[in-house]
Amino acid sequence: MPLLKLRPIPETDLAFLRDSITGRTAMAVVLAVLVYAAYTQGVTGSAFYDDYSNLDGLSSIQTRQDARDYALGGTSGPLGRPIAYASFVLHADDWPDVESALRLNVTIHLVNAALLFWLGYLLLTLRDPAIRNRAYYIALFAAFLWASLPILASTTLITVQRMTSLAALFGLLGLIAFVIGYRFQERRPTLALLIQGIGLGVGTLLGLFTKESAALIPVFALIIDLVLFRKLPGSLTHIRLRRLLLWAWLLAILYYLSPINRDWFAAHPERGFSPFERLLTQSTVLWKYVAQSFFPKPLLFGPFHDDVRLVDGMLRPLVAGGAILIAVFSAYLLRKYSVWPLFAVLWFLTGHLLESTVINLELYFEHRNYLALYGIVLAVTYGAWQVPEHLRRLVLTGFLAYAALMWSLLLAVTLLWGNPHAAAENWADQKPRSSRAALHLGLLDYEALGGSALLSARSLIGFQRQAYANRALDRTAAQCPTCIDLRLQALLFACNTEPREAVRLRFEDLVESAAAGRPSVSLNDGLFPLREMVLHDACEPLTPNDVERFVSALLDNPAFHSRTHFVRATFILASLADDRDDHATVDRLLTQAEQRAPEALPVLQFQVYSLLKRQRFDDASAAIERRRPLVGTRQAPTITAPILNELAQTITEARNDALGTD
1 MPLLKLRPIP ETDLAFLRDS ITGRTAMAVV LAVLVYAAYT QGVTGSAFYD
51 DYSNLDGLSS IQTRQDARDY ALGGTSGPLG RPIAYASFVL HADDWPDVES
101 ALRLNVTIHL VNAALLFWLG YLLLTLRDPA IRNRAYYIAL FAAFLWASLP
151 ILASTTLITV QRMTSLAALF GLLGLIAFVI GYRFQERRPT LALLIQGIGL
201 GVGTLLGLFT KESAALIPVF ALIIDLVLFR KLPGSLTHIR LRRLLLWAWL
251 LAILYYLSPI NRDWFAAHPE RGFSPFERLL TQSTVLWKYV AQSFFPKPLL
301 FGPFHDDVRL VDGMLRPLVA GGAILIAVFS AYLLRKYSVW PLFAVLWFLT
351 GHLLESTVIN LELYFEHRNY LALYGIVLAV TYGAWQVPEH LRRLVLTGFL
401 AYAALMWSLL LAVTLLWGNP HAAAENWADQ KPRSSRAALH LGLLDYEALG
451 GSALLSARSL IGFQRQAYAN RALDRTAAQC PTCIDLRLQA LLFACNTEPR
501 EAVRLRFEDL VESAAAGRPS VSLNDGLFPL REMVLHDACE PLTPNDVERF
551 VSALLDNPAF HSRTHFVRAT FILASLADDR DDHATVDRLL TQAEQRAPEA
601 LPVLQFQVYS LLKRQRFDDA SAAIERRRPL VGTRQAPTIT APILNELAQT
651 ITEARNDALG TD
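Number 316 in my numbering belongs to position 316 of the sequence shown; there are no gaps in the numbering.
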C-alpha cells in the first residue's frame with residue numbers, strides 16, 4: 001500500500017483510491033462497519049436510572065392517544081423534548097428491554113458520523129479547494145476517530161441519551177446547510193443567506209424540541225463563520241446581517257447564563273451548590289473530559305458520575321481556568337499560521353457552554369462531549385495530513401495506529417456494557433463513592449433471580465443475594481455520609497436477611513443521615529416500598545411511627561424543601577396518616593402538597609379518594625375544579641380534561657350510591 005512505501009507521502013498518495021469512487025466508498029464502508037461492529041456488542045446492556053424516570057410511561061401505551069400523550073408529556077426539559085419522546089414510542093412493546101432502542105441509537109450515531117464526514121469535507125474544501133483530494137481522507141478519518149472515541153459510548157448505550165444524539169443529528173443537518181450556503185455567497189448572496197437561515201433555523205428548531213442543548217447549533221455556525229470563513233468574498237451587507245443574527249443568538253444565551261438573569265451565589269435546593277460553585281468546578285471538569293477523551297481509561301466510562309464532587313478552595317479552579325485562557329490565547333496567536341487550533345478550542349468550549357457552566361445540572365456526564373469533541377478531532381486529523389512531507393509517513397502511521405487503538409478501547413468498553421452484571425460490578429468497584437452504581441448493582445441482582453427489571457427499578461426491593469448487594473451498598477455508604485438513598489436501599493434488603501437488632505441499627509443510622517444528607521430520585525422511590533413493607537410487618541421491628549419519624553427528619557433537612565422532594569415526602573406522611581384514619585392530618589398535608597405542586601396528579605387522586613371515603617362530595621368536586629385551569633398547560637401535562645372528567649364521574653357515581661343507600 002502507498003502508506004507503507006519508503007518515501008515521503010505526497011499529495012498524489014492513495015491515488016488508487018482517490019481516483020476510484022468504488023475505492024473511496026469501500027474505505028468508508030469498512031470504517032462504518034468497524035464502528036457498527038464495536039457498538040453492537042453493547043446493545044445487550046441494561047436500562048439505567050434516567051431510562052426508568054423518562055421511559056416508564058412506555059409500559060402504559062395502548063392506543064395512539066396514549067402515544068401522543070406520552071410524546072407531548074415529557075418533563076425532561078423546558079420544551080418537553082417531544083421529538084425525542086416520540087422516537088421512544090417505537091419501543092413501547094419491548095420496554096423495559098432496551099436492545100431494540102439501543103440498536104436504533106447505534107444507527108443514529110453512525111448517521112451522525114456520516115454527517116460529520118460531510119460537514120468536515122465541506123469545511124475543508126471550501127476553505128482550501130486545493131486539498132480537495134486529501135480533504136476526503138481527512139474528513140473520513142476524523143469522522144471515524146470521533147465515532148470511535150470511548151468517552152462517547154454512553155451517549156449511544158444509555159437509551160435515554162438518544163435525546164443528545166438525535167438533537168445533534170438535526171443540528172448537523174442545519175450546519176451542513178449553513179456551510180453549503182457559502183458556495184452562493186459571492187454571486188447570489190440573498191440565496192446564500194436564505195439557505196443558511198432556513199437550514200440552520202429548521203435544524204436548530206427540530207433539535208431544540210429533541211433536547212435544549214441544540215440551542216448551541218447557531219453558536220457553532222458563528223465559530224465556523226468567524227474562524228474559517230471570515231475573509232470569504234461576498235456582499236458585505238449580507239455578511240453583516242448573518243453575523244448580526246448569529247451574534248444576537250450568542251448574546252441571548254450569554255444573558256440567559258449571566259448573573260443578571262440568575263443568582264450565581266444562591267445554592268440550588270436540590271443540588272446543594274450555587275451556579276458559581278458549579279462554574280468553578282466545571283473549569284476542572286473540562287480538563288478531565290479532554291484527558292479521558294484522548295487518553296482514556298476504559299473501566300472508568302459508565303453511566304454513574306454522582307461521585308463527582310465540588311472542588312475545594314480556589315487554587316484548582318484558578319489553575320484550570322487560567323489554563324483554558326492560555327489555550328484560547330495561544331490558539332488565537334497561532335491563527336496566523338493555522339486557524340485549526342483556534343477552531344478546535346472554540347468549538348469545544350461552545351459545546352460545553354450550556355451544560356458545563358452555571359445551569360444547575362449534575363456536575364459530570366460523558367455525553368456532554370458528543371459534538372464538543374469534533375473540533376479537536378478534525379483539527380488533529382488535519383494536522384496529521386498537513387505535516388511536512390518528510391514527516392508525513394511517520395505521523396500518518398502514528399495517527400492511524402492511534403485511531404485503531406481508540407477503536408480497540410471502544411470495543412472493550414462496549415463488550416463490558418453488553419454484559420450488564422459484569423458492568424455493574426465494575427462500576428460499583430471503580431466508583432466506590434457512587435450511590436447510583438451500588439444501587440444499580442443491587443437491582444440487577446434482583447433481576448438476575450427472575451424479578452422484573454421494571455418492578456425492581458420502581459420498588460428497589462430484591463429478595464435474594466441481598467446480603468451480597470448490601471456489602472456493596474455498605475462499602476459505598478461508608479465513604480458517602482450524605483447518601484441517604486444507599487442506607488435506605490440497604491435497610492430494605494436487610495429487612496429480609498438480617499436480625500431485628502441489625503435492622504433497628506440500620507434504621508437509626510438512616511434517620512441520623514437524614515439531617516444532612518442529599519436528596520435523590522432513588523431515595524424518593526424507596527420511600528413507598530418502605531411504607532408498604534412496614535405496613536405489612538415485612539420489616540420488623542419497624543413500625544409506621546418509625547417511618548413517619550424518618551420522613552419528618554427528611555423534611556427538617558433544608559435540601560428537601562424543594563417542590564419535588566417536599567411533595568413526595570408529604571404524600572408519604574399523608575398515606576401514613578390515612579392508614580391510621582387521621583383524616584384531619586391527611587387533609588392538612590394534602591393541602592400543603594397541592595399548594596406546592598397543584599399539577600401533581602397523585603395528590604389530586606389521593607384527595608378525591610380520601611374525601612369520598614367520608615362522603616365529602618362537594619369538597620372532592622372542588623379539588624377537581626381547582627385543577628381545571630391547568631388543563632393544556634406545560635406546567636401540568638398529566639392533568640388532562642379526560643382524567644378530570646373521569647374523576648368527576650367517580651364522584652357523581654359515589655354520590656348517587658350514597659343517596660340510594662340513604
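A virtual CB, placed ideally from N, CA and C, is assigned to each residue, including glycine.
Beta-carbon contacts of residue i that lie in its chain and below 7 angstroms, excluding the five residues immediately before and after
i, result
"Ala168", "Asn112, Tyr370 and Leu371"
"Thr237", "none"
"His91", "Leu58, Ser100 and Ala101"
"His109", "Tyr39, Ala147, Thr156 and Ser165"
"Leu488", "Leu510, Leu523, Gly526 and Leu530"
"Leu299", "Asn426 and Gln430"
Cβ-based burial, residue i [other Cβ within 10 Å; buried from 16]
i, result
"Glu653", "exposed"
"Lys297", "exposed"
"Leu576", "buried"
"Met163", "buried"
"Pro706", "This structure cannot settle anything about residue 706, because the visible part of the chain is limited to 1 through 662."
"Asn54", "buried"
"Glu366", "buried"
"Gln65", "exposed"
"Gln479", "exposed"
"Ala516", "exposed"
"Leu314", "For the record, residue 314 in the displayed sequence is Met; it is not Leu. Label assigned to Met314: exposed."
"Ile83", "buried"
"Phe209", "buried"
"Gln649", "exposed"
"Asn645", "exposed"
Length of the line joining the Cα atoms of residue i and residue j
i, j, result
"Leu491", "Pro558", "23 angstroms"
"Glu532", "Gly526", "10 angstroms"
"Ala39", "Phe144", "Residue identity check: residue 39 is Tyr in the sequence provided, not Ala. Going by the C-alpha atoms only, they are around 13 angstroms apart."
"Ile376", "Ala600", "45 angstroms"
"Ser59", "Val160", "15 angstroms"
"Leu257", "Thr357", "8 angstroms"
"Arg316", "Glu277", "12 angstroms"
"Glu425", "Ala404", "28 angstroms"
"Asp657", "Ser621", "16 angstroms"
"His390", "Phe399", "16 angstroms"
"Val380", "Pro388", "15 angstroms"
"Leu460", "Leu122", "Low confidence applies to Leu460: its pLDDT is 42, below 50, so where it sits in the model is not reliable, and the reading given next is rough at best. Rounded to whole angstroms, Leu460 to Leu122 spans 51 angstroms at the Cα level."
"Thr638", "Arg626", "15 angstroms"
"Lys231", "Leu124", "15 angstroms"
"Val227", "Ile253", "20 angstroms"
"Ala28", "Thr482", "50 angstroms"
"Tyr289", "Leu349", "12 angstroms"
"Ser154", "Trp385", "30 angstroms"
"Pro642", "Thr190", "50 angstroms"
"Gly181", "Thr204", "16 angstroms"
7 angstroms Cβ cutoff met for residue i and residue j
i, j, result
"Ile138", "Tyr382", "yes"
"Glu99", "Val35", "no"
"Leu166", "Gly45", "no"
"Leu363", "Thr281", "yes"
"Leu523", "Asp582", "no"
"Gln592", "Thr570", "yes"
"Leu79", "Glu186", "no"
"Ile651", "Phe606", "no"
"Val567", "Val547", "no"
"Ile217", "Gly207", "yes"
"His561", "Pro519", "no"
"Arg500", "Pro541", "yes"
"Ile223", "Leu346", "yes"
"Phe668", "Lys431", "An answer regarding residue 668 cannot be provided, because it is not within the stretch 1 to 662 covered by the chain."
"Ala320", "Thr284", "yes"
"Tyr332", "Leu342", "yes"
"Gln41", "Leu334", "no"
"Arg436", "Asp306", "yes"
"His712", "Asn133", "In the structure as shown, the chain starts at 1 and stops at 662, and residue 712 therefore has no counterpart that could be examined."
Neighbourhood of residue i by C-beta, 6 angstroms cutoff - its chain only, sequence neighbours within 5 removed
i, result
"Trp340", "Ala379 and Tyr382"
is_contact[residue i, chain B] using C-beta, thresh 7 angstroms
i, result
"Arg278", "Note that chain B does not occur in the displayed structure, where there is just one protein chain."
3 or more residues per run - each beta strand (DSSP E) lying fully within the region 236-265: Segments of the beta strand (DSSP E) lying fully in the region 236-265: there are none.
Segments of 3+ residues assigned as beta strand (DSSP E) that fall wholly inside the region 305-333: Listed in chain order, there is nothing to give.
Every unbroken alpha helix (DSSP H) inside the region 500-563 [4 residues or more]: For the region 500-563, the continuous alpha helix (DSSP H) assignments of 4+ residues that do not extend past its boundaries occur at 500-514, 521-535 and 544-555, in sequence order.
4 or more residues per run - each alpha helix (DSSP H) lying fully within the region 34-72: Complete alpha helix (DSSP H) runs here, min 4: 49-55 and 64-72.
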